[in-house]
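A.B. asks: Take a look at the following structure, please.
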C-alpha cells in the first residue's frame, strides 16, 4: 500500500489528539469531589481513562501500519505504548484541565510521535518496502474489537453530554484503522477491495452511531453486530482471493467466529481482571483517583478489549493468507 506510511502516521496523530482531549477535558468530568464513601464512583466511572487507553493503542496501531507490520516498527511502537501508559498515569495524577493543557499535551504527544517516526524512517532508508500481512491482519482485528468497546462505553449515569461525542470520535478512529490496516494487509489493492473498504467503513461508522443512539441496556446487540461486520470485513479485505474472488464458505465461517467470539473473550478477560488481577483498581490508585465503591468493579474495559482483539487476531490472521514478503 503506497500510502500506508503517511496514513498510518496521520491516524496515529489523530489518536494523540483524542488522548490529549481525553486527559484534560473528559477525565475531569469523571472524578468525583469529596472523600465520603457514599460519593465513591461506581461501574464505568472512569470511562475517559478507557477511551484514552484505547487511543494509546491506536497510536501503536498507526505506527504498525506506517511500518507495514514489520518488527523494526512494531517493537518500538509497542514500547512507546507502554511508556505512554506510564506517562498517562503520571499526568492523570497531576490533574491537568482546560484548553491550555489540552493544547500542551497534544503538542508534546505529537512531538514524541514525530521524533520516533523520524528515527524509524531514517532507519528504513534504502530498504525495499515489505509487508507482514499476518501482523497487519491481526492488528486490524485488534482495532475492530476496540472500535466496538469504544462505541459502547458507558458511565454510571450515561448523562454526560461529552460521553457520546467522545465515544463516537474514538470509535470512528478505530473503524478507520480497522479498514485501512486490513486493506494494507491485502495481497493487492484491486478496485473491488477498495470499494469494499469504502463500503465497510461507511457501514461501520453508521454502526457506531447506532450503538450510541441505543440506551445502555439493549446496546449489546448492535455492539455484537458491529463487531461481526468489522471482523468479517477484515477477512474479506485481507485474505487471499483465489481466482480473483473470495471463498465465501471460508468467510462465512469467519463471520460466525466474528459473531460469537469477541463477547466470550471480553467476558473471560473481564472476569480475570475482577477476580484474579485487579488492574483497574491499581491504575486508579496510581493516578490518585477515588476508588470504586465496594459494591461495583473497577474494570479496565480497554485492556479487556485489547486482549479480546489479540485473541480474534490469532484466530483470523492465519487462514488463507500467503505471507510472502513483498
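Numbering (my numbering), first residue to last: 35 to 360.
Don't be surprised by glycine CBs; every beta carbon is placed ideally from N, CA and C.
Note that the structure is predicted; figures quoted are calculated from it, not measured.
(1) Whole angstroms are fine: how far does the CA of residue 239 sit from the CA of residue 245?
(2) In terms of alpha-carbon separation, which member of 171, 339 and 169 lies closest to residue 304?
(3) With DSSP as the reference, label residue 324 as helix, strand or coil.
(4) DSSP on residue 334, reduced to helix/strand/coil?
(5) Which term fits residue 112, buried or exposed, when burial requires 16 or more other beta carbons within 10 angstroms of its beta carbon?
(6) Taking residue 154 as the reference, give the member of 61, 196, 121 and 108 with the closest Cα.
(7) From which residue to which residue does the alpha helix (DSSP H) around residue 202 run?
(8) The alpha helix (DSSP H) spanning residue 118 covers which residue range?
(9) If the criterion is Cβ atoms closer than 7 Å, does the pair residue 350 and residue 269 meet it?
(10) So, are the CB atoms of residue 342 and residue 296 less than 7 Å apart?
(11) Secondary structure at residue 72, three-state DSSP: helix, strand or coil?
(12) Just checking my contact of residue 219 with residue 177 at CB under 8 Å: how many whole Å lie between their CB atoms?
(13) Would the stretch 88–100 count as touching the stretch 38–48 if we require 3 or more Cβ pairs under 8 Å?
(14) Pick from 205, 282, 250 and 242: whose alpha carbon is nearest that of residue 190?
(15) Please report the straight-line C-alpha distance between residue 193 and residue 215, rounded to a whole angstrom.
(16) Check whether the stretch 279–289 and the stretch 298–316 are in contact - that is, three or more C-beta pairs closer than 8 Å.
(17) Roughly how many angstroms separate the alpha carbons of residue 105 and residue 169, rounded to a whole number?
(18) Which of the three DSSP states is assigned to residue 297 in this structure?
(19) Measuring alpha carbon to alpha carbon, tell me which residue in 290, 179, 352 and 210 is nearest residue 7.
(20) If we count the other Cβ atoms within 10 Å of its Cβ and call it buried at 16 or more, is residue 37 buried or exposed?
(21) What separation, rounded to the nearest whole angstrom, lies between the Cα atoms of residue 292 and residue 298?
(22) Going by the CB atoms, is the gap between residue 115 and residue 90 shorter than 7 Å?
(23) Suppose contacts are defined by Cβ-Cβ distances below 7 Å. Is residue 242 in contact with residue 205 by that definition?
(24) Can you list, in chain order, the residues of its chain with a C-beta nearer than 7 Å to that of residue 288? Leave out the 5 residues immediately preceding and following it.
(25) Taking all protein chains shown into account, decide if residue 128 is buried (16 or more other Cβ within 10 angstroms of its Cβ) or exposed.
(26) Mind the definition here: the stretch 322–333 touches the stretch 76–86 only if three or more C-beta pairs lie below 8 Å; say whether that holds.
C.D. replies: Here's the rundown:
(1) Going from the Cα of residue 245 to the Cα of residue 239 covers about 10 Å.
(2) When only C-alpha atoms are compared, the closest one is 339.
(3) When secondary structure is reduced to three states using DSSP, residue 324 falls in the coil class, being assigned neither helix nor strand.
(4) Coil.
(5) Around the beta-carbon of residue 112, fewer than 16 other beta-carbon atoms lie within 10 Å, marking it exposed.
(6) Residue 154 has its Cα closest to that of 108, out of 61, 196, 121 and 108.
(7) Note, residue 202: alpha helix (DSSP H), 197–218.
(8) Its alpha helix (DSSP H) spans residues 105–128.
(9) Yes, the pair counts as a contact, with Cβ atoms nearer than the cut-off.
(10) Contact flag set, yes.
(11) Its pLDDT being 47, under 50, residue 72 is placed unreliably by the model, and nothing is read from it.
(12) Rounded to whole angstroms, the Cβ separation of residue 219 and residue 177 is 12 Å, and the two are not in contact under 8 Å.
(13) At 8 Å Cβ cutoff, the stretches touch.
(14) When only C-alpha atoms are compared, the closest one is 250.
(15) Each residue's alpha carbon lies about 34 Å from the other.
(16) The stretch 279–289 and the stretch 298–316 do not touch, with fewer than 3 CB-CB distances between them shorter than 8 Å.
(17) Answer to the nearest angstrom: the Cα atoms are 9 Å apart.
(18) The answer is helix: DSSP assigns residue 297 an H, G or I state.
(19) The requested residue 7 is not part of the displayed model; the chain covers only 35 to 360.
(20) By the neighbour-count rule (16 or more Cβ atoms within 10 Å), residue 37 is not buried but exposed.
(21) Near 11 Å, if we compare the C-alpha coordinates of residue 298 and residue 292.
(22) Against a cut-off of 7 Å, the Cβ pair of residue 115 and residue 90 comes out as a contact.
(23) Contact check for residue 242 against residue 205 passes: the beta carbons are separated by less than 7 Å.
(24) The beta carbon of residue 288 is closer than 7 Å to those of 266, 269 and 350 in its chain, skipping five residues each way along the sequence.
(25) Of the other Cβ atoms in all chains shown, fewer than 16 fall within 10 Å of the Cβ of residue 128; this residue is therefore exposed.
(26) Result yes; three or more Cβ-Cβ pairs closer than 8 Å.
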